[in-house]
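Just so you know, we're using full-length UniProt numbering here: the sequence shown kicks off at 1 and counts up by one.
Just so you know, even glycine gets a beta-carbon here, dropped at the ideal spot from N, CA and C.
Before any comments, here is the structure.
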Amino acid sequence: MTVVPFQRSGVPAAHGLSVAACEAAAWAVTPAANGVRDRYRGAGAVNAALAVALGVALPIRLYALPGVGRIEDAAYAWVARNRHRLPGEVPYCERYPDECR
């Protein structure tokens, strides 16, 4: 798994995403299999990252269960709306201004 900040020049376009889409949610993009890449947004991206980190498909499979994805999506949306209130790191562009668009 490679984590890349979307603020780095050219990253969104390289994965078929807009800057606005990247500002709205986290994204996970799988390596191309048979020329096709899977893209996960928001809670789905978090589950995809967990699946890779843990080396098991369980997070993605749980997310796909009826109702589970909707609950996780709602929780993700709440966190996204309130992230400015949560503690965290210095934003990427403040730390690495030369790498941002």
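Excluding five sequence neighbours on each side, which residues of the same chain lie with their C-beta closer than 6 angstroms to the C-beta of residue i?
{"i": "residue 92", "result": "5, 7"}
{"i": "residue 99", "result": "8"}
{"i": "residue 39", "result": "29"}
{"i": "residue 69", "result": "63"}
Tell me the DSSP bridge mates of residue i?
{"i": "residue 93", "result": "The partner list for residue 93 (beta bridge, DSSP) is empty, contrary to what the question assumes."}
{"i": "residue 100", "result": "8"}
Consider the Cβ of residue i: report whether some Cβ of chain B lies at a distance smaller than 9 angstroms.
{"i": "residue 68", "result": "Structure shown: chain B not included; a single protein chain is present."}
Could you give the DSSP three-state label for residue i: helix, strand or coil?
{"i": "residue 29", "result": "strand"}
{"i": "residue 37", "result": "coil"}
{"i": "residue 50", "result": "helix"}
{"i": "residue 44", "result": "helix"}
{"i": "residue 57", "result": "coil"}
{"i": "residue 3", "result": "coil"}
{"i": "residue 15", "result": "coil"}
{"i": "residue 86", "result": "coil"}
{"i": "residue 67", "result": "coil"}
Can you tell me which of the options puts its alpha carbon nearest to the alpha carbon of residue i?
{"i": "residue 74", "options": "96, 35, 25", "result": "25"}
{"i": "residue 16", "options": "86, 36, 2", "result": "36"}
{"i": "residue 44", "options": "54, 53, 64, 56", "result": "64"}
{"i": "residue 31", "options": "14, 59, 85", "result": "14"}
Near residue i, which residues of its chain fall below 7 angstroms by C-beta distance, leaving aside the five closest residues on each side in sequence?
{"i": "residue 3", "result": "none"}
{"i": "residue 41", "result": "25, 27"}
{"i": "residue 34", "result": "none"}
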